[in-house]
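Q: Below is one structure. I have some questions about it.
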Amino acid sequence: MQSYICSPMNYIGGKYKLLPQLLPLFPKKIDTFVDMFCGGGNVGINVEANKLLLNDNLLYIVDLYKQFKSMTTTEIVNYVEQRIDDFKLSLTNTDGYLALRNAYNQERNPLDLFVLTAYSFNHQIRFNNNHQFNIPFGKNRSRYNANMKKNLELFVAKLHELDVEFSSSNFEELDLSELTSDDFVYCDPPYLITTGTYNDGKRGFTGWSHREEMKLLALLSELNRKGVRFALSNVLMHKGRNNAILKQWIEIHNFNVYHLNMDYQNSNYHSINSKSDITDEVLITNYVL
Ligand SMILES: C[S@@+](CC[C@H](N)C(=O)[O-])C[C@H]1O[C@@H](n2cnc3c(N)ncnc32)[C@H](O)[C@@H]1O
123 MQSYICSPMN
133 YIGGKYKLLP
143 QLLPLFPKKI
153 DTFVDMFCGG
163 GNVGINVEAN
173 KLLLNDNLLY
183 IVDLYKQFKS
193 MTTTEIVNYV
203 EQRIDDFKLS
213 LTNTDGYLAL
223 RNAYNQERNP
233 LDLFVLTAYS
243 FNHQIRFNNN
253 HQFNIPFGKN
263 RSRYNANMKK
273 NLELFVAKLH
283 ELDVEFSSSN
293 FEELDLSELT
303 SDDFVYCDPP
313 YLITTGTYND
323 GKRGFTGWSH
333 REEMKLLALL
343 SELNRKGVRF
353 ALSNVLMHKG
363 RNNAILKQWI
373 EIHNFNVYHL
383 NMDYQNSNYH
393 SINSKSDITD
403 EVLITNYVL
């Protein structure tokens, strides 16, 4: 794992731990790499390509990346540490955390979102319907630490090196008309048969339902027709549920399916007890390596 950069945002569904399995399955030569559901940015930041497009409809995370790109690493780290000082953030200061949360919800300084996630419960990001950041304090659990600082510095440094564009579009509105067979689109959408905080449609952002699933599959079919390479992360089975739409689509198009090893997920907090615990995480591609 030494050579991969880990996003400083602890993102639900983040692909950092899967990178050693995912990246060897990507094409070797890429002109523009589109990370269509970039989330924590774990994939886009680690892919070798001439140009990178980071897109996510969670505009606040995209605003944060824009801010990372426009400031020096020292300025960013100084700002973060100053904010921690100003609000006296610690493992136990709930009031300080709530005061910063209020400030962020009023002023929307993108860097404050990063500071908040350093102290939020499980370092999570979530907004309510009014776009207010609403994760509670991670009392006695979450704080800005040396590891987070290291991840922040490496992530920002890499972002500065890259020829990167940012977009906060719904994937359906993203203009992909210029893409050619030299380009590559990676999709890591919310999974239809699992639950992330971003896919219930009650967070002020579009949720993920059959409608979105069908639209995305249609978009990928169209890219395939135009000779644009893509890879789609997903699960075919999770806790006894199957994604029948996805399976059928794969069969119709005869796309490639790589089954990934998710052991890392279970080793931390629970072991597989029954078949219903099995998650079949896959990467689906329309190209041969
Ligand atoms: C599984 S996460 C991506 C994680 C990312 N690959 C990583 O490694 O950090 C899925 C992302 O899709 C975004 N998303 C959900 N619906 C979307 C939509 N309609 N258009 C664009 N992005 C969307 C969510 O905000 C979330 O960040």
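Numbering (the working numbering), first residue to last: 123 to 411. Even glycine gets a Cβ: it sits at the ideal position worked out from N, Cα and C. None of the values given here were measured: they were computed from a predicted structure.
1. What are the start and end residues of the beta strand (DSSP E) that includes Asn177?
2. Along the chain, where does the alpha helix (DSSP H) containing Ser303 start, and where does it finish?
3. Could you check the C-alpha separation between Phe209 and Tyr201 for me, to the nearest Å?
4. Spatial neighbours of Asn256 within its chain, please: CB distance less than 7 Å, with the 5 preceding and 5 following residues excluded, ordered by chain position.
5. Would you identify the three-state DSSP class for His381, choosing helix, strand or coil?
6. Could you say which of Asn231, Leu314, Val278 and Leu411 lies nearest to His360 if we only look at CA atoms?
7. Keeping to the same chain, check which residues put their C-beta closer than 6 Å to that of Tyr386; ignore five residues upstream and five downstream.
8. Would Ser291 and Asn179 qualify as a contact pair, given that the criterion is a beta-carbon distance under 8 Å?
9. Quick one: what does DSSP say Ser343 is sitting in, helix, strand or coil?
10. From what residue to what residue does the alpha helix (DSSP H) around Val237 run?
11. Judging by CA-CA distance, which residue of Asn408, Asn378 and Phe352 is the nearest neighbour of Val121?
12. When the Cα atoms are used, what is the spatial distance from Asp305 to Ile152?
13. What three-state label does DSSP hand Asp157 in the structure shown?
14. In this structure, what does DSSP give as the bridge partners for Val286?
15. Express the C-alpha separation of Arg333 and Leu284 in angstroms, rounding to a whole number.
16. Following a CB-centred definition, is Tyr133 positioned closer than 7 Å to any heavy atom of ligand 1?
A: So, from the listed chains and residues:
1. Membership of Asn177 in the beta strand (DSSP E) is indicated by the continuous run Lys173 to Asn177.
2. Looking at the DSSP string, Ser303 is not in any alpha helix (DSSP H), and its letter there is neither H nor E.
3. Rounded to whole angstroms, Phe209 to Tyr201 spans 12 Å at the Cα level.
4. Counting only Cβ-Cβ distances below 7 Å, and skipping sequence neighbours, we find Arg248, Phe249 and Asn250.
5. Three-state result, His381: strand.
6. Distance from the Cα of His360 is smallest, within the candidate group Asn231, Leu314, Val278 and Leu411, for Leu314.
7. Any answer about Tyr386 is weak, because its pLDDT of 49 lies below 50 and its placement is not dependable; what the coordinates show is given next. Same-chain partners within the cutoff: Lys139.
8. With contacts defined by Cβ atoms closer than 8 Å, Ser291 and Asn179 form a contacting pair.
9. In the three-state reduction of the DSSP assignment, Ser343 falls in the helix class, which pools H, G and I.
10. Looking at the DSSP string, the run of the alpha helix (DSSP H) that includes Val237 is Pro232 to Tyr241.
11. Nothing about residue 121 can be reported from this structure: the residues present for the chain run from 123 to 411 only.
12. Within the model, the alpha-carbon separation for Asp305 versus Ile152 is close to 5 Å.
13. Three-state DSSP puts Asp157 in a strand.
14. BP columns for Val286 point to Leu174.
15. One C-alpha to the other measures close to 34 Å.
16. Yes.
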